[in-house]
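Trainee:
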Amino acid sequence: MKCDLCNEEGINIHLMTKSYGKGENLLVIENVPVMICPHCGESYLTADTLHEIERIKLHRQSFAITRPVAVAGYALPNALNTNLHSNTQQM
Ligand SMILES: [Zn+2]
Numbered sequence: 374m375k376c377d378l379c380n381e382e383g384i385n386i387h388l389m390t391k392s393y394g395k396g397e398n399l400l401v402i403e404n405v406p407v408m409i410c411p412h413c414g415e416s417y418l419t420a421d422t423l424h425e426i427e428r429i430k431l432h433r434q435s436f437a438i439t440r441p442v443a444v445a446g447y448a449l450p451n452a453l454n455t456n457l458h459s460n461t462q463q464m
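Take the position in the sequence shown, starting the count at 1, then add 373; the result is the number in the numbering used here.
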């Protein structure tokens, strides 16, 4: 398979867990195929994968299995709270 970016052969596909949204809207999608190119070092999702993720998001009620997730609140020192933005990692 060729890299979309540098057009070299030999791209690797890694299955990764991605999370979208946060709080009650948090959606975790497992086994998302991420293309990782050993030549240019880029990692990206194909258009098909992005399309499928959008489909899963739209139909999350029917696709998703609700599992208990442990979420721990990190207690921040007060000094940090003033200029802190909620910064959940998202795509
Ligand atoms: Zn590449």
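The C-beta atom is built at its ideal place from N, Cα and C for all residues, glycine as well.
Computed from a predicted structure; not experimentally measured.
With a Cβ-Cβ cutoff of 8 Å, do proline 411 and glycine 383 count as a contact?
Mentor: Yes.
Trainee: Give me the residue from Leu388, Thr419, Gly414 and Ala420 with the minimum Cα distance to valine 405.
Mentor: Leu388
Trainee: Could you check the C-alpha separation between glutamate 415 and methionine 374 for me, to the nearest Å?
Mentor: 14 Å
Trainee: For serine 416, write down the residues that DSSP places opposite it in a beta bridge.
Mentor: Ile409
Trainee: Check for me: the beta strand (DSSP E) holding threonine 390 runs from which residue to which?
Mentor: From DSSP, the beta strand (DSSP E) with threonine 390 extends over 385-393.
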